[in-house]
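Q: Residue numbers (our numbering): 273 to 458. The structure that follows is given in the form of structure tokens.
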Ligand code: 5CA
């Protein structure tokens with residue numbers, strides 16, 4: 273008998289299905305909790321792994337949620353993300369906030385299918401690849417998707433919000449920041 277679909281995976285499949293996209297979720301015996309682990313599991317370079325990172329800011333009608341989609345090889349520049357969404361008070365969500373607002377646990381938070389409406393901002397670096405891999409709702413499962421399809425599924429705004437993790441010499445370089453400010457990365 274085929275095993276039942278995990279409810280978290282089902283939420284991801286349903287979210288894609290609402291846009292007439294059929295996803296194939298791959299579940300591993302090994303952890304895909306971090307981007308590095310996910311890259312190892314799927315045998316892809318780190319850059320092809322999508323990190324779905326949750327941020328919050330105080331809003332008029334309660335906390336506003338923002339999910340940033342960035343390449344596993346990049347970090348989010350919080351200042352850039354805050355500017356893109358127009359929320360100066362934006363900060364990284366705690367694990368509990370991320371869980372409560374999305375309905376998924378850290379390490380498995382997918383780019384779609386969240387419990388509450390979220391604004392999603394996607395970094396253009398992900399568009400360099402023919403397909404990328406994103407978390408599918410649990411820390412042992414991912415799905416492969418062309419970045420253009422991911423943008424449509426997540427209803428994402430595409431904007432540069434990333435700095436490279438190992439070499440901050442491009443998008444988030446010191447020259448691109450106001451003098452005296454430190455890079456706010458995650
Ligand atoms: N499954 C992988 C690859 S698709 C994944 O979900 N990667 S991730 O980067 O999107 O999610 C893991 C991230 O959760 C880590 O980069 C880390 O920054 C973040 N994280 C881990 N612990 C906490 C915590 N306590 N609070 C907030 N964020 C956390």
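Note that the Cβ used here is the ideal one computed from N, Cα and C, for glycine as well.
State buried or exposed for residue 412, treating a residue as buried only when at least 16 other CB atoms are found within 10 Å of its CB.
A: buried
Q: Taking residue 356 as the reference, give the member of 368, 338, 367 and 365 with the closest Cα.
A: Sorting 368, 338, 367 and 365 by C-alpha distance to the C-alpha of residue 356 places 338 at the top.
Q: Is the beta carbon of residue 341 closer than 8 Å to that of residue 394?
A: yes
Q: From which residue to which residue does the alpha helix (DSSP H) around residue 389 run?
A: Counting along the chain, residue 389 falls outside any alpha helix (DSSP H), and DSSP gives it neither H nor E.
Q: Should residue 380 go down as buried or exposed, given a rule of 16 or more other Cβ atoms within 10 Å for buried?
A: buried
Q: I think residue 407 touches residue 275, with their Cβ atoms under 8 Å apart; what is that distance to the nearest whole Å?
A: No, residue 407 and residue 275 are not in contact; Cβ-Cβ is about 20 Å, not under 8 Å.
Q: Taking C-beta to C-beta, are residue 396 and residue 430 nearer than 8 Å?
A: yes
Q: Going by Cα to Cα distance, which pick from 399, 322 and 415 is closest to residue 280?
A: 415
Q: Determine the burial state of residue 461: buried for a count of at least 16 other Cβ atoms within 10 Å of its Cβ, exposed for fewer.
A: Lying before the first or after the last residue shown, residue 461 is absent from the chain, which here runs from 273 to 458.
Q: Could you give the DSSP three-state label for residue 406: helix, strand or coil?
A: strand
Q: For residue 364, which beta-bridge partners are listed by DSSP?
A: 327
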